[in-house]
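Step one of this worksheet: look at the structure below.
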Amino acid sequence: MKKANLTSSLLAIALVSSMLTALPVQAQTSSTAPAMQSDQLYKAFGEKAGLTALMDDFMVRLLADPRTGPFFKPSNQQHVKEMLVVQFCMVSGGPCTYKGVDMKTAHANMDITKGDFHALVEVLQVSMDARRIPFSAQNELLAKLAPMHRDVITVK
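With our numbering applied, the sequence shown closes on residue 207, and no number is skipped along the way.
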């Protein structure tokens, strides 16, 4: 059971991180909008409390969506949320450090497709909109998470 929970947690982190590459959000980033400095992105998301609230909303939506629900229903959702908060905190310039398994190892045998990845990103965008996270902050976070897709999508 622990292995299944870890696998689901890693899938969530990797899917969120990696699915962010091919969506229009990146293309909409304005070249005139300056990148946020150090912990400014972390602050734009409401720091740890804001990230926790985002992940609470996100998990509800992931479970409800027929495209993403099957990945998350058998998991320890609380653990998945906690791991996502840590990863988003770290990536956004907050004081957290992710100490989990690397994404490539974690997703090597999971058969994750681009479609799976994109569905999760769509759900994340809806959650960020619902939390009224500024569009520029959303884009910056997605851009920071995007490179992980290479380690997560295992089905071409």
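From the three backbone atoms N, C-alpha and C, an ideal C-beta is built for every residue, glycine too. Computed from a predicted structure; not experimentally measured.
By alpha-carbon distance to GLY166, the top candidate from GLY144, LYS207 and ASP90 is LYS207.
The beta-carbon distance between ASP108 and ALA181, rounded to whole angstroms, is 6 Å. This is short enough to meet the 8 Å contact definition. When DSSP states are grouped into helix, strand and coil, ARG112 belongs to the helix group. The alpha-carbon separation between LEU114 and LEU171 amounts to approximately 11 Å. With respect to the 7 Å criterion, THR205 and HIS158 are classified as neighbours on the basis of their beta carbons. MET199 and ILE184 have their C-alpha atoms spaced approximately 22 Å apart.
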